[in-house]
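S.K.: Let me begin by handing over the structure; questions about it come next.
Numbering (full-length UniProt numbering), first residue to last: 1 to 135.
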């Protein structure tokens, strides 16, 4: 292994945080599906988003989760929104937290954005509850 192959401290910290928040199964799937095309992007988000932002002191994973969900809802990023709502099982953000965040989205980003996000959140929570019953 060459020095260029050794991950940076931020990358290693980001990967650990990413696994805590999204879960090993999700990260393992993303890593297994990584190609030469998207490898630079995967490295970027692992180091920048997860290593720099999500790993910072000052806010809990719960707080970061709530803010991230509100931003994703406001931006209409459905796939990422669903992923982060599922991740609340790992971050400690509650359904009440997410409801409050989406009320803010309605006021500051628009009712249609919040309405759609609420629809997605309800489906995620329904699916999670069904999975718990079968587990």
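Yeah, the Cβ is synthetic: ideal placement off N, Cα and C, and Gly gets one too.
Predicted, not measured: the structure shown is a model, and the values here were computed from it.
#1: Give the straight-line distance between the Cα atoms of residue 107 and residue 62, rounded to the nearest whole angstrom.
#2: Can you tell me the Cα-Cα spacing of residue 1 and residue 79, whole angstroms?
#3: Under 7 angstroms between the Cβ atoms of residue 81 and residue 87?
#4: Using CA atoms only, rank isn't needed, just tell me which of 69, 85, 91 and 32 is closest to residue 17.
#5: Counting only the same chain and skipping the five closest in sequence on each side, list residues whose C-beta sits under 7 angstroms from that of residue 8.
#6: Assuming residue 45 is part of the alpha helix (DSSP H), what are its boundary residues?
#7: Mind reading off the beta-carbon distance from residue 39 to residue 11? Whole number of angstroms is fine, and I expect it under 8 angstroms.
#8: Please name the residue in 103, 125, 124 and 126 whose C-alpha comes closest to that of residue 115.
#9: Assign residue 52 to one of two classes, buried (16 or more other C-beta atoms within 10 Å of its C-beta) or exposed (fewer than that).
M.R.: According to the structure shown:
#1: Straight-line Cα distance between these residues: approximately 22 angstroms.
#2: Because residue 1 sits at a pLDDT of 45, beneath the cut-off of 50, its placement in the model cannot be relied upon, and the following sentence gives the value as read from the coordinates. Rounded to whole angstroms, residue 1 to residue 79 spans 36 angstroms at the Cα level.
#3: Contact flag unset, no.
#4: Ranking 69, 85, 91 and 32 by Cα distance to residue 17 puts 91 first.
#5: Setting aside the 5 residues that flank it on each side, residue 8 is surrounded in the same chain by 47, each with a C-beta closer than 7 angstroms to its C-beta; the list follows chain order.
#6: Segment: none, residue 45 is in no alpha helix (DSSP H) and carries neither H nor E.
#7: For residue 39 against residue 11, the beta-carbon gap comes to about 12 angstroms, at or over 8 angstroms, which does not count as contact.
#8: It is 103 whose Cα lies nearest to the Cα of residue 115.
#9: Exposed, by the Cβ-count rule.
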